[in-house]
Amino acid sequence: MDPEDDCHPSSSRRSVGASSNSSQLPKAVGSSKTAPAENAAPTSSAIIMASPEDYVPSVGRPLPLPQWLKYAPSAFYVSSTEAYEDLASKVELQVQNLLKKHNYNTVGNFVRFYMGFESSGFTQLDQFFREYSPPITPDHYTCVGLGLELLKKLWCLESLYAGLASKFYVVSCEEAIENVTRYTGNGRPPVQLAEKEHILLAMRIKINNRSGFLVLDPGYHVARAVTIMADKKYPHTGWFTQKNDEAGVKEYNYELDPTGRYLIWKIHETNRRGENNDYESLIYVEEPFLCAVQCTERRNLVYNFKSLLARDTKGQVIAGLYFDLTQSDTVTIFCKDDEGSKLRKKLKFSVFSGKDLPAEIEELVEDCGSQLGMLEGDLCNLLITLATIVENKQFVQQTLAINDIVNNIAAEN
Numbered sequence: 041m042d043p044e045d046d047c048h049p050s051s052s053r054r055s056v057g058a059s060s061n062s063s064q065l066p067k068a069v070g071s072s073k074t075a076p077a078e079n080a081a082p083t084s085s086a087i088i089m090a091s092p093e094d095y096v097p098s099v100g101r102p103l104p105l106p107q108w109l110k111y112a113p114s115a116f117y118v119s120s121t122e123a124y125e126d127l128a129s130k131v132e133l134q135v136q137n138l139l140k141k142h143n144y145n146t147v148g149n150f151v152r153f154y155m156g157f158e159s160s161g162f163t164q165l166d167q168f169f170r171e172y173s174p175p176i177t178p179d180h181y182t183c184v185g186l187g188l189e190l191l192k193k194l195w196c197l198e199s200l201y202a203g204l205a206s207k208f209y210v211v212s213c214e215e216a217i218e219n220v221t222r223y224t225g226n227g228r229p230p231v232q233l234a235e236k237e238h239i240l241l242a243m244r245i246k247i248n249n250r251s252g253f254l255v256l257d258p259g260y261h262v263a264r265a266v267t268i269m270a271d272k273k274y275p276h277t278g279w280f281t282q283k284n285d286e287a288g289v290k291e292y293n294y295e296l297d298p299t300g301r302y303l304i305w306k307i308h309e310t311n312r313r314g315e316n317n318d319y320e321s322l323i324y325v326e327e328p329f330l331c332a333v334q335c336t337e338r339r340n341l342v343y344n345f346k347s348l349l350a351r352d353t354k355g356q357v358i359a360g361l362y363f364d365l366t367q368s369d370t371v372t373i374f375c376k377d378d379e380g381s382k383l384r385k386k387l388k389f390s391v392f393s394g395k396d397l398p399a400e401i402e403e404l405v406e407d408c409g410s411q412l413g414m415l416e417g418d419l420c421n422l423l424i425t426l427a428t429i430v431e432n433k434q435f436v437q438q439t440l441a442i443n444d445i446v447n448n449i450a451a452e453n
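Residues in the sequence shown are numbered from 41 upward in steps of one, following the numbering used here.
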């Protein structure tokens with residue numbers, strides 16, 4: 041499969057925006073103090089949590105235990121299928137505008153994380169990681185920032201649909217589940233094993249007397265309002281093609297599990313050799329997720345795969361870069377040429393450690409930076425910074441060690 045299309049490529053599982061006139065280079069270091077819950081502060085009786093100390097990461101568990109609010113918003117009522125189609129089209133437009141305006145970016149916060157560690161006085165990354173609180177800024181949106189930004193954007197529809205925006209809530213996703221029945225059979229997600237590496241938005245809907253969900257996933261570049269009806273009848277979305285390019289075809293399908301607590305997200309990939317790959321992820325929609333920053337964003341800091349991607353309004357990735365810390369000596373840069381064809385080049389990070397870039401590479405970097413909405417020279421500066429980071433083998437090894445611990449905890453899912 042083509043890794044530039046994916047937030048968390050399947051090859052990395054279980055072994056994770058820039059505005060048009062701003063730099064991708066990090067501008068601040070996150071506070072080492074624990075941040076407050078990122079959604080509304082519920083009463084303690086409304087939170088699913090083993091005990092207060094479980095929220096604090098420990099040596100054996102780098103991530104805090106996830107928390108959920110017990111009560112989700114009630115369903116948004118729509119009188120007819122036609123009225124729902126109109127609503128969904130307006131919501132979808134907000135998603136598409138967001139995809140184009142904001143890049144998907146797990147690189148920026150990773151750089152800030154590194155800079156924070158280097159200036160912290162800590163010698164052990166796992167200690168710093170447990171105290172670090174990742175900031176969320178428009179220049180460095182992952183699925184978390186994109187989801188929270190979309191929550192704000194949906195308020196512009198209030199004049200047309202009173203109460204709509206308050207019906208959406210953040211939901212957690214566990215990816216590449218090996219045994220869906222075992223996972224969902226316990227009711228709530230298994231807190232001690234949950235990784236919660238992805239979040240998206242959901243809203244309960246009721247079309248006349250038919251129940252379902254409307255789901256929005258800008259983190260995985262889904263440029264549509266996905267409808268999941270309990271009876272699987274129209275306007276149930278069903279299978280759709282998420283991408284079809286030179287790497288292959290990727291198809292998605294969402295449906296309610298028998299308990300009604302989860303959405304089963306099915307992914308079917310076919311490469312150009314005709315080889316298939318299928319896996320399933322689970323979206324817990326029963327209760328709003330309260331730990332998007334402290335669990336999901338934090339988890340993605342140490343994920344081995346990093347990417348910075350520009351998307352169009354259809355959710356197609358048009359330019360960017362990606363690299364894998366397990367193979368940290370190379371980075372892949374890609375963009376479109378004047379004819380619209382994709383240019384892609386894998387480069388050694390060491391190329392950016394010298395003083396002068398070859399003219400061909402310099403042109404590719406500047407073209408890519410322009411298509412990412414970056415100012416001239418900013419992408420080159422970012423790559424120079426990344427070259428410095430990956431040369432720090434001790435930092436990379438400690439990052440991957442934390443990632444391995446998280447993967448091992450979640451391996452039973």
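Just so you know, even glycine gets a beta-carbon here, dropped at the ideal spot from N, CA and C.
Rounded distance between the beta-carbons of residue j and residue i, thought under 8 Å
i    : j    : result
H261 : V357 : 7 Å
T182 : N145 : 7 Å
L194 : L204 : 7 Å
S251 : A115 : 7 Å
F150 : K346 : 6 Å
D166 : Q438 : 7 Å
P178 : E337 : About 14 Å separates the two Cβ atoms, so there is no contact after all.
P106 : V231 : 6 Å
H180 : G227 : Their Cβ separation, rounded to whole angstroms, is 35 Å, which puts H180 and G227 out of contact at 8 Å.
Residues near residue i in its chain [Cβ-Cβ closer than 6 Å; skip 5 each side]
i    : result
K386 : T370, T372
Q136 : A263, T353
N448 : none
A332 : E78, V184, V210, I239
E326 : R301
D318 : H308
C420 : V405
P229 : Y324
A242 : V211, F253, V255, V325
Y485 : No answer is possible for residue 485: the residues shown for the chain start at 41 and end at 453.
Own chain, CB closer than 8 Å to residue i, minus 5 neighbours either side, in chain order
i    : result
W305 : C213, Y292, N293, Y294, E320, S321, L322, I323
R24  : Residue 24 lies beyond the residue range present for the chain, which begins at 41 and ends at 453; the question has no answer from this structure.
V436 : L365, S368, I429, V430
F168 : S72, G156, F157, S160, F162
S393 : I424, A427, T428, E431
Beta-carbon proximity of residue i to residue j, cut-off 8 Å
i    : j    : result
K351 : K140 : The sequence shown places Arg at residue 351, not Lys. Yes, the Cβ-Cβ distance between R351 and K140 is below 8 Å.
C375 : A399 : no
K130 : L240 : no
G187 : Y172 : no
L256 : A270 : no
T121 : I217 : no
P328 : A128 : no
P275 : E132 : no
G278 : R312 : no
K290 : Q282 : yes
A450 : L303 : no
I442 : V342 : yes
D418 : G409 : yes
P258 : L412 : no
Own chain residues within Cβ distance below 7 Å of residue i, not counting five before or after
i    : result
A77  : With a pLDDT of only 38 at A77, under the threshold of 50, the placement of this residue in the model should not be trusted, and no figure is reported.
L349 : E44, N143, Y144, V357, G360
Cβ neighbour criterion (16 or more within 10 Å) applied to residue i
i    : result
S159 : exposed
L200 : exposed
F280 : exposed
N344 : buried
T299 : exposed
Residue interval of the beta strand (DSSP E) (run including residue i)
i    : result
Y324 : 316 to 324
K306 : 302 to 311
M243 : 238 to 247
L387 : 382 to 388
N- and C-terminal bounds of the alpha helix (DSSP H) containing residue i
i    : result
K376 : Element bounds for K376: not the alpha helix (DSSP H) but the beta strand (DSSP E), 370 to 376.
V446 : 433 to 450
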